[in-house]
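Some notes on the structure that comes next.
Chains as they are written, first to last, in the numbering used here: chain A, 1 to 497; chain B, 498 to 994.
Here is the structure:
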């Protein structure tokens with residue numbers, strides 16, 4: 001019969017499990033200390049006694065005691081009189097719970113710590129915090145045709161890369177990103193977009209949002225002015241705001257950003273954030289004279305230009321326009337793009353091309369704030385582009401989206417003649433639609449939503465600009481049947497008003 | 498015989514290629530405009546003429562003219578007298594090159610745009626900008642044993658996920674990260690680390706660096722004070738600095754951060770950045786009394802605690818200690834960890850656990866500055882953990898690293914007795930080694946490097962602390978043979994002094 005231990009021993013409620021014996025014993029003793037069954041200052045049984053009492057190896061008890069000592073529950077040296085620590089705060093001991101605040105001069109409940117003032121700059125995000133499943137719903141905007149994405153091909157390319165996975169690919173990488181992917185992107189941007197760069201100017205990031213966020217901090221101090229297109233992409237203006245920039249809305253007309261207007265109202269801006277290839281949301285292309293005027297302004301003012309090469313791959317009536325970056329001889333254009341729309345949104349890969357002069361500081365900043373995106377997806381993307389799949393996919397999508405855009409235009413012309421007018425031409429995944437006389441923007445959006453037709457009010461994109469009433473309609477992710485159905489429902493809504 | 502065109506037509510140097518006809522024609526005309534063969538104001542041939550002249554479809558010419566008009570090279574309406582634009586700047590026309598700056602009042606070359614003042618805060622990164630291939634070299638620190646990583650198993654898990662890849666997984670995701678991965682991590686942190694959280698408090702990020710960078714901006718305004726461990730992890734102090742924080746170095750002793758010392762020198766700090774499980778670089782564990790004192794300070798001062806749960810998985814002589822977060826009843830601990838060391842560095846996935854009270858603002862900030870890491874790697878990681886592979890891998894690595902740590906300790910005791918002393922116990926991938934009397938830290942590091950033995954001087958980790966001379970030695974990534982060889986070489990170096 002076992003000899004009684006010299007002190008209280010918490011009873012075993014069930015046999016110690018073989019696999020978790022040490023852990024169970026630890027929990028048992030810790031709980032007994034926390035609820036004061038083992039009181040501060042009490043000497044605990046010797047390891048020999050405890051081992052015998054609980055039927056475990058002595059080494060297990062030694063390990064558990066060691067653990068409790070190292071955490072401060074026990075003190076003294078194992079084997080030479082181990083006692084329950086006196087230094088544990090009373091609150092912890094009496095409640096068996098995490099420490100409650102000590103009584104202070106007042107009896108108010110403790111105040112939670114507060115956030116920084118600048119955290120308030122993040123208050124306004126245009127991105128859904130819980131993205132809803134709106135895929136395939138007319139006329140959800142900013143969505144590529146994921147049902148037409150070659151999932152099996154992507155899986156095959158990725159699996160083939162995985163089969164060749166080596167230890168080297170697991171090791172720490174370059175803050176610029178995978179060297180092969182940077183090479184492939186530099187080549188692609190050169191031939192398809194007229195971007196003049198070497199692979200060492202290309203940074204791989206999670207997307208345009210991260211690119212602009214980084215740029216904003218590197219070129220703007222808090223309070224510095226930045227031009228943003230008005231109407232324009234809210235993701236850009238909000239992230240500039242979050243970095244402390246002062247937004248200077250600059251109007252957009254049929255030739256793109258009105259550079260002279262920007263010069264009139266805020267000549268001292270340090271950055272201009274533009275979408276020359278396909279203005280978001282109006283879809284206009286920045287004309288060459290405007291591009292040159294913008295570059296000239298940047299040169300005279302020693303300002304930077306952030307070129308968001310958004311949706312440039314999708315033009316349906318002419319070849320995509322070369323990028324502004326290709327016209328920049330001074331090194332003031334920062335060129336960014338993303339694979340979220342051309343491949344798929346959850347890929348989270350994009351790029352930022354910077355002038356040689358700032359490669360080092362960008363690399364240092366990247367290595368501090370994020371380092372680099374996962375290497376394996378970068379390698380798979382490099383394979384996908386190198387093997388020609390990317391160019392083929394773009395071509396297929398260009399045809400598909402052109403078809404869908406035409407279907408939308410036709411359907412609207414047939415059934416919504418006076419109510420909704422689409423501009424000529426077309427690019428990207430969405431189109432603006434101008435509302436006819438007598439229609440009120442928010443009213444149309446709300447009524448349509450009640451009939452399961454999603455329209456984005458243009459108001460969402462404006463800062464100060466006066467705009468005629470209009471909405472944004474996505475078409476790229478919708479089959480022709482869905483488009484027709486959507487237009488029919490919308491016609492019923494607008495007729496019934 | 499074709500009728501001559503009414504104006505200059507650039508000669509075809511080679512036949513237009515069928516596949517790139519439109520593009521070639523565009524380039525041909527654009528080049529002619531840029532080098533003034535087609536002069537400003539010149540009327541260009543009709544589309545019909547040009548089509549006949551070059552033997553292409555008229556539609557092709559219409560498209561090319563449309564493109565050139567939309568870019569500003571041509572003006573006027575197609576078919577109604579199209580002329581080369583007058584508005585092109587002379588510089589562009591005369592050089593066929595990107596625009597040069599217009600002459601201004603001075604004749605100095607144009608000044609490049611400058612960076613922000615705060616960009617200078619990024620000047621100092623502890624991460625290599627071009628990571629060298631140091632794998633397997635004694636005693637490179639901070640490296641897991643990639644040669645022992647189950648590459649094939651990872652590839653199998655990933656390929657299996659790829660085979661089940663659906664359109665839904667391609668769509669835009671949650672700024673918190675993949676819901677299943679967050680659930681798996683919450684469960685793992687609960688059982689293995691004593692972290693008390695629900696999946697909706699878990700954010701998936703690229704790692705601890707990104708987590709601290711985000712936290713710094715949300716809880717600190719420029720100039721706000723933050724406690725950092727001294728010596729401590731340079732990645733943490735540099736990123737705090739980059740966010741504008743004022744660093745308050747707080748000494749570390751055998752029980753971890755000296756809370757009372759921090760209170761004496763900078764009581765008003767708004768954030769304490771700590772490594773309680775395994776202090777970087779000294780390897781000590783923060784004692785329970787210190788943990789409670791730190792929580793008490795945070796409560797009284799309404800400050801935040803950033804818990805970097807660095808290397809907590811690897812303890813060789815006792816169970817890993819529960820996290821500080823589990824003791825926090827107020828909601829002031831921000832708990833971060835990474836899979837870079839437990840799986841592989843190029844994975845770039847980690848997590849940040851935040852109190853319920855700030856989930857929303859963190860989600861908004863994440864959605865603005867980066868959104869979320871690629872979903873597919875997140876899904877693969879969730880599979881790897883769920884299937885039990887992660888726990889098994891950790892167990893295997895714990896045994897392997899313990900073996901390697903013992904080999905290092907034995908080898909050093911045998912051959913470097915008086916020169917280098919390792920502390921008792923052990924955790925993580927590296928150990929500090931204290932240099933014996935008469936050895937100078939930088940001298941030893943330099944001499945060792947000349948003999949291909951890499952030692953990190955502890956100086957690299959200190960801010961103000963006075964430390965005895967010491968070095969950091971990595972062991973986790975080295976075979977026992979490499980360890981022995983390294984110690985032998987090091988012994989020769991130190992003996993030869």
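Where is the CB? At the ideal position from N, CA and C, for every residue including glycine.
Which residues in the same chain as residue 102 of chain A place their Cβ atom closer than 6 Å to its Cβ, once the five residues preceding and following it in sequence are excluded?
In the first chain, counting from the first residue as 1, residue 102 of chain A sits at position 102. Confidence in residue 102 of chain A is poor, its pLDDT being 41 and thus under 50, which makes the residue's placement unreliable; the coordinate value appears in the next sentence. Counting only Cβ-Cβ distances below 6 Å, and skipping sequence neighbours, we find nothing.
Assign residue 443 of chain A to buried or exposed, taking buried as 16 or more other Cβ atoms, counted over all protein chains shown, within 10 Å of its Cβ.
Stepping through the first chain from its first residue, residue 443 of chain A is reached at position 443. When all chains shown are included, residue 443 of chain A counts as exposed.
CB-CB under 7 Å to residue 538 of chain B, same chain, minus the five flanking residues each way: which ones, in chain order?
The residue labelled residue 538 of chain B in the question sits at position 41 within the second chain. Same-chain partners within the cutoff: 580, 581 and 583.
Using a beta-carbon distance below 8 Å, is residue 372 of chain A in contact with chain B?
As a working mapping, residue 372 of chain A is identified with position 372 in the first chain. Yes, residue 372 of chain A counts as interfacial toward chain B.
In angstroms with no decimal places, state the Cα-to-Cα distance between residue 457 of chain A and residue 655 of chain B.
For the purposes of this step, residue 457 of chain A is identified with residue 457 of the first chain, where counting begins at 1. For the purposes of this step, residue 655 of chain B is identified with residue 158 of the second chain, where counting begins at 1. Approximately 41 Å between the Cα atoms of the pair.
Measure from the alpha carbon of residue 813 of chain B to the alpha carbon of each residue in B:898, B:770 and B:916, then state which is nearest.
By 1-based counting over the second chain, the position of residue 813 of chain B is 316. The shortest Cα separation from residue 813 of chain B among B:898, B:770 and B:916 belongs to B:898.
Could you compute how far the alpha carbon of residue 265 of chain A sits from the alpha carbon of residue 272 of chain A?
Here residue 265 of chain A refers to the residue found at position 265 when the first chain is read from its first residue. Here residue 272 of chain A refers to the residue found at position 272 when the first chain is read from its first residue. Answer to the nearest angstrom: the Cα atoms are 13 Å apart.
Close-in-space but distant-in-sequence residues of the same chain around residue 227 of chain A (CB under 6 Å, 5 per side omitted)
Within the first chain, residue 227 of chain A is the residue found at index 227, counting from 1. 248, 250, 262, 269 and 272, listed in sequence order.
Residue 976 of chain B CB to nearest chain A CB: under 8 Å?
Within the second chain, residue 976 of chain B is the residue found at index 479, counting from 1. Answer no: the Cβ-Cβ gap between residue 976 of chain B and chain A never drops below 8 Å.
Tell me which residues of the region 197-209 of chain A have at least one Cβ-Cβ distance to chain B shorter than 8 Å, keeping chain order.
206, 207 and 209
Please determine if the region 676-683 of chain B and the region 779-789 of chain B are in contact, where contact requires at least 3 C-beta pairs separated by less than 8 Å.
no
Whether or not the region 662-669 of chain B and the region 794-805 of chain B are in contact is what I'm after, with contact meaning three or more pairs of Cβ atoms, one per stretch, closer than 8 Å; do they touch?
no
Starting from the Cα of residue 480 of chain A, find the closest Cα among A:459, A:460 and A:404 and give me that residue.
Translated into the one-based positions of the first chain, residue 480 of chain A becomes position 480. Among A:459, A:460 and A:404, the Cα nearest to that of residue 480 of chain A is on A:404.
Below 6 Å CB to CB, which residues in the same chain sit around residue 409 of chain A once its five sequence neighbours on both sides are set aside?
For the purposes of this step, residue 409 of chain A is taken as residue 409 along the first chain, with counting starting at 1. Taken in chain order, the residues that qualify are 422.
Identify the residues that DSSP records as bridge partners of residue 802 of chain B: which are they?
For this step, residue 802 of chain B is matched to residue 305 along the second chain. Looking at the DSSP assignment, residue 802 of chain B forms a beta bridge with B:769 and B:830.
Quick check on residue 163 of chain A: does DSSP put it in helix, strand or coil?
On the first chain, residue 163 of chain A is found 163 positions in, with the first residue counted as 1. The answer is helix: DSSP assigns residue 163 of chain A an H, G or I state.
For residue 489 of chain A and residue 467 of chain A, what's the separation of their Cα atoms in angstroms?
Locating residue 489 of chain A in the first chain gives position 489, counting from the first residue. Locating residue 467 of chain A in the first chain gives position 467, counting from the first residue. In a straight line, the C-alpha of residue 489 of chain A is about 26 Å away from that of residue 467 of chain A.
Cutoff 8 Å: residue 958 of chain B Cβ touching any chain A Cβ:
Along the second chain, one-based indexing puts residue 958 of chain B at 461. Chain A, which has no Cβ nearer than 8 Å to the Cβ of residue 958 of chain B, makes this no.
Would you call the CB atoms of residue 679 of chain B and residue 820 of chain B closer than 8 Å?
Locating residue 679 of chain B in the second chain gives position 182, where the first residue counts as 1. Locating residue 820 of chain B in the second chain gives position 323, where the first residue counts as 1. For residue 679 of chain B and residue 820 of chain B, no; Cβs fall outside 8 Å.
Would residue 177 of chain A pass as a contact of residue 350 of chain A if the rule is Cβ separation under 8 Å?
Translated into the one-based positions of the first chain, residue 177 of chain A becomes position 177. Translated into the one-based positions of the first chain, residue 350 of chain A becomes position 350. No, the pair does not count as a contact, with Cβ atoms beyond the cut-off.
Using the beta-carbon of each residue, which ones in chain A are nearer than 7 Å to residue 655 of chain B?
Position 158 of the second chain, counted from the first residue, corresponds to residue 655 of chain B. Under the 7 Å cutoff, chain A gives 162.
Pick helix, strand or coil for residue 850 of chain B, following the three-state DSSP scheme.
Your numbering for residue 850 of chain B matches position 353 in the second chain. Here residue 850 of chain B sits in strand by DSSP.
8 Å Cβ cutoff, residue 155 of chain A in contact with chain B:
The residue labelled residue 155 of chain A in the question sits at position 155 within the first chain. It does; some Cβ of chain B falls within 8 Å.
Taking the alpha carbon of residue 894 of chain B as the reference point, which residue from B:980, B:810 and B:951 has its own alpha carbon closest?
Numbered from its first residue, the second chain carries residue 894 of chain B at position 397. Ranking B:980, B:810 and B:951 by Cα distance to residue 894 of chain B puts B:810 first.
Decide if the region 550-561 of chain B is in contact with the region 515-532 of chain B; the criterion is three or more beta carbon pairs, one per stretch, under 8 Å apart.
yes
So with CB distances below 8 Å, who are the chain B contacts of residue 110 of chain A?
Looking up residue 110 of chain A in the first chain gives position 110. Under the 8 Å cutoff, chain B gives 796 and 827.
Indicate whether residue 370 of chain A and residue 336 of chain A have their beta-carbon atoms separated by less than 8 Å.
To locate residue 370 of chain A, count along the first chain from 1; it is residue 370. To locate residue 336 of chain A, count along the first chain from 1; it is residue 336. For residue 370 of chain A and residue 336 of chain A, no; Cβs fall outside 8 Å.
With 16 other Cβ atoms within 10 Å as the buried cut-off, status of residue 948 of chain B
As a first step, residue 948 of chain B is located in the second chain; it is residue number 451 there, counting from the start. Residue 948 of chain B should be labelled exposed.
Nearest-angstrom Cα separation, counted from residue 74 of chain A out to residue 843 of chain B
Here residue 843 of chain B corresponds to residue number 346 of the second chain, with the count starting at 1. Here residue 74 of chain A corresponds to residue number 74 of the first chain, with the count starting at 1. Each residue's Cα considered, the two are about 40 Å apart.
Provide the residue(s) that pair with residue 253 of chain A in DSSP beta bridges, ordered along the chain.
By 1-based counting over the first chain, the position of residue 253 of chain A is 253. A:256.
CA-CA distance, residue 377 of chain A and residue 390 of chain A?
Counting from one through the first chain, the residue named residue 377 of chain A turns up at place 377. Counting from one through the first chain, the residue named residue 390 of chain A turns up at place 390. Computed Cα separation, rounded: 15 Å.
Residues of the region 256-281 of chain A whose Cβ lies closer than 7 Å to any Cβ of chain B, in chain order
none
Pull up the CB-CB distance for residue 463 of chain A and residue 230 of chain A, whole angstroms please, since I reckon it's below 8 Å.
Counting from one through the first chain, the residue named residue 463 of chain A turns up at place 463. Counting from one through the first chain, the residue named residue 230 of chain A turns up at place 230. Between residue 230 of chain A and residue 463 of chain A the Cβ distance is about 5 Å, and since that is below 8 Å, they are a contact.
Within 7 Å: the Cβ of residue 162 of chain A and any heavy atom of the ligand NAP?
Looking for the ligand NAP in the displayed structure turns up nothing, as the structure carries no ligands at all.
Is there a Cβ from chain B that is less than 8 Å from the Cβ of residue 302 of chain A?
Indexing the first chain from 1 puts residue 302 of chain A at position 302. For residue 302 of chain A, the answer is yes, since a Cβ of chain B falls inside 8 Å of its Cβ.
Give the DSSP-derived three-state secondary structure of residue 514 of chain B in the structure shown.
Against the second chain, residue 514 of chain B aligns to sequence position 17. The answer is coil: DSSP assigns residue 514 of chain B none of H, G, I, E or B.
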